Structures are given as structure tokens and as C-alpha cells.
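Here my numbering is used: the first residue of the sequence shown is 696, the next is one more, and so on.
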Amino acid sequence: MEVKNNEMAIFETHAHLDFFYDEENQDVLKRLMDDCEKSGISRLVIPPISFESNLRIAHMVNEYNKNNEEVKLYQAVGLHPREAINVMYNKNKMEQLQKMCASEQVVAVKTGLDFCKTKLQQHQRQNQITWFKENVKMASCLNKPLILHIREAWNEFKVVWEEVTEELGRENLPTTVIHCFNSRDYEETIELEKGGISYFGIGGKIFTDPILRETVRHLEIENIVLETDSPYLNPEQYVTPKYIDDFMAEISSKLKNPNTPLSLVIIAEEIARIKEMEVEEVIKFTSKNAEKLFKV
């Protein structure tokens with residue numbers, strides 16, 4: 696499917712494009728973005744994983760946007776919770792993140808809780824919680840939206856979110872999206888919405904998660920944004936371009952059949968089937984939702 700109307704362009708809200716970036720040879724990223732343009736994907740948000748990746752992404756986004764106008768890249772600043780387990784919070788690192796947030800290309804703060812490692816020590820969990828709280832406060836202070844990664848930590852998240860809400864005040868909570876939303880039924884999703892979560896990022900799990908499919912069936916389209924979380928969560932129906940496979944093999948990546956933003960097309964089509972909507976309507980609403988979320 697090619698989307699030629701600019702008003703119908705697809706907005707990718709969560710893709711780790713730095714996996715496909717080589718500073719000395721930017722041909723792979725450029726080729727992927729050309730393919731995105733052909734598929735109607737015109738804006739993409741790139742979140743960090745490690746603390747250091749914030750700087751790498753900033754350089755990549757700046758260099759790409761200088762020379763390209765058809766596809767626009769944006770950056771989220773922060774720290775993936777799986778990385779936060781071994782990164783002690785300190786003011787110097789937080790000040791660095793705050794300075795990065797001043798850039799116009801930064802549209803969100805990324806944080807969350809991820810307790811899927813069964814042997815996490817208490818101090819590692821506390822590191823995540825501390826970074827989570829401080830990043831929410833930073834997003835609120837700087838008037839930036841918030842991207843949340845929550846995995847196997849829903850009970851802990853609810854407790855910490857209530858603490859932050861009480862401290863900041865409900866009216867001062869950042870506009871928030873839970874990325875890679877899955878395995879939450881509709882009733883719990885509504886409770887999250889009542890608690891201050893505005894948007895839910897829907898990606899490749901829509902093909903395999905029956906609970907998510909039923910939730911999406913009932914969830915208002917005004918609360919949905921599209922994402923891939925590429926290079927992860929490759930839908931079985933999606934075929935990775937050979938040049939991406941070749942690049943990942945060249946850098947000795949262990950990821951097989953990596954996902955890319957190009958799978959957004961079939962994700963949008965599947966949401967349309969579930970919600971009995973036209974795919975053009977899904978694209979239009981989810982893109983407008985992303986524009987509102989990221990203020991672009």
C-alpha cells in the first residue's frame with residue numbers, strides 16, 4: 696500500500712533506527728527512509744536504550760534531517776529501564792538529559808519499569824524506580840510528553856505512578872503513551888486511561904495477542920498510536936528487506952529477521968480489520984493522535 700496524500704501519512708511513534716545507522720556509511724538508513732517514504736511513513740520517533748545512545752541518536756537525527764525533507768526524524772531522550780538497573784541516578788546525568796531536551800528535535804522523554812529478569816536485586820529495581828520518577832518529573836517540568844515502557848511490572852507501576860501523580864498533581868502529569876501495549880484487557884486499559892494515560896502504542900503484538908486484539912476492538916481510535924519497536928517484534932507476516940538482513944549480518948547482530956518501520960503498513964491494516972474501519976481512517980486518526988501527543 697502506498698499513501699500519497701500527506702494528510703494520510705503514517706506516523707511511527709517508536710523505532711530504534713540507530714540499530715541501522717553507521718556514521719561512516721549512512722546508505723542503509725537512507726535506503727530504509729526512502730522505502731518509508733514510498734510506503735507513506737513520513738515521521739518517526741527514535742527512543743534511546745542506553746544512556747550513551749542519547750548522544751548517538753541526537754547526532755543521527757541531526758545529520759539526517761539536515762539533508763532530507765520528505766521524511767522527518769525526531770528523538771526521545773531518557774533511559775530504557777533494562778539499562779537503568781545498573782545505572783545509579785545522579786544529578787550530572789539528569790542535567791545532561793535536560794540539556795538534550797532543549798533541542799527542537801527532541802519530542803519526548805522515555806522511561807519505564809521492566810522487571811522481567813527473574814533475578815533482579817532490590818537495588819536494581821530501586822534504580823529503575825528512581826530513574827522513572829525523576830524522568831517523569833523532568834518531562835513535567837519541561838512540558839515534554841512521556842513514553843512509558845512497562846513490562847512485567849504493572850503492579851509496581853501503578854504504585855509508583857500514584858506516588859508521582861500525588862507529588863506532581865494530576866493536572867501536571869505529562870501527556871503519556873504506553874509503548875508496546877499488550878496483554879491488558881479493556882477494563883484495565885480504561886483504568887489506566889482514568890489514571891492519566893492518554894495513548895497506547897500498538898505494534899506487532901496485535902497479530903499474536905488475543906487479549907490485545909479484543910482491547911483494541913473496544914478502545915477508541917483516538918487513544919491509539921502506531922509503532923513497531925523495530926528492530927524488535929517482527930510480525931510473522933512481515934518480510935525484512937534483504938539489505939537490512941545483510942547490514943545486520945555485517946555488524947554481527949544476533950537479531951534475525953529484524954523488524955523495520957515498514958511493517959507499520961500491515962499493522963495499520965490489521966487494526967482496521969479488528970475495528971472494522973477503513974485503513975485510511977486508522978492512519979488518519981493515529982497520525983493525528985501522534986501529532987497531538989508529540990506536539991508536532
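Note that the Cβ used here is the ideal one computed from N, Cα and C, for glycine as well. Bear in mind that the values here come from a model prediction, so they are computed numbers and not experimental data.
How should residue 648 be labelled, buried or exposed, when 16 other C-beta atoms within 10 angstroms of its C-beta is the threshold for buried?
There is no way to answer for residue 648, as the model of the chain reaches only from 696 to 991.
In terms of alpha-carbon separation, which member of 944, 919, 957 and 938 lies closest to residue 932?
957
Taking residue 852 as the reference, which of 840, 808 and 869 has the closest Cα?
808
According to DSSP, is residue 698 part of a helix, a strand, or is it coil?
With a pLDDT of only 47 at residue 698, under the threshold of 50, the placement of this residue in the model should not be trusted; the figure read from the coordinates follows. Here residue 698 sits in coil by DSSP.
On the criterion of 16 or more Cβ atoms from any shown chain inside 10 Å, does residue 879 qualify as buried, or is it exposed?
buried
If you follow the alpha helix (DSSP H) that residue 708 is part of, which residue opens it and which one closes it?
Segment: none, residue 708 is in no alpha helix (DSSP H) and carries neither H nor E.
Nearest-angstrom Cα distance between residue 996 and residue 804?
The structure shown has nothing for residue 996, since the chain only spans 696 to 991.
Of the choices 906, 954, 785 and 713, whose alpha-carbon is the least far from that of residue 882?
906
Quick one: measure Cβ to Cβ for residue 823 and residue 779, integer angstroms, because I've assumed they're closer than 8 Å.
5 Å
Quick one: using the 10 Å Cβ neighbour count with 16 as the cut-off for buried, is residue 943 buried or exposed?
buried
Tell me the rounded alpha-carbon separation between residue 974 and residue 967.
5 Å
DSSP three-state call for residue 941: helix, strand or coil?
helix
Per-residue DSSP class, three states only, for residue 772
strand
How is residue 809 classed by DSSP in three states: helix, strand or coil?
strand
Nearest to residue 832 (by Cα), restricted to the options 862, 850, 787 and 781:
862
Excluding five sequence neighbours on each side, which residues of the same chain lie with their C-beta closer than 6 Å to the C-beta of residue 977?
963, 966 and 967
With burial defined as no fewer than 16 other Cβ atoms inside 10 Å of the residue's Cβ, what is the status of residue 903: buried or exposed?
exposed
To the nearest angstrom, how far is it from the Cα of residue 837 to the Cα of residue 819?
27 Å
What runs of the beta strand (DSSP E), each 3 residues or longer, lie entirely inside the segment 877-928?
894-897 and 919-921
Distance between residue 712 and residue 900 (C-alpha atoms, nearest Å)
19 Å
Looking only at C-alpha atoms, which of 898, 746, 765 and 758 sits nearest to residue 730?
765
Only counting runs of 3 or more residues, tell me where the beta strand (DSSP E) segments fall wholly within the segment 780-859, in order along the chain.
801-809 and 841-846
Spatial distance of residue 871 from residue 806 (CA atoms)
11 Å
Going along the chain, which residues of its own chain have a beta-carbon closer than 8 Å to the beta-carbon of residue 835, five neighbours each way excluded?
863, 867, 868 and 869
Beta-carbon gap between residue 888 and residue 918 smaller than 8 Å:
yes
Start and end residues, alpha helix (DSSP H) containing residue 977
974-989
Between residue 947 and residue 924, what straight-line distance do the alpha-carbon atoms span, to the nearest angstrom?
20 Å
Close Cβ partners of residue 954 (< 8 Å) along its chain, the five nearest in sequence each way excluded:
899, 923, 924, 925, 926, 927, 928, 929, 930, 933 and 935
Need the endpoints of the beta strand (DSSP E) that residue 739 sits in, please.
736-741
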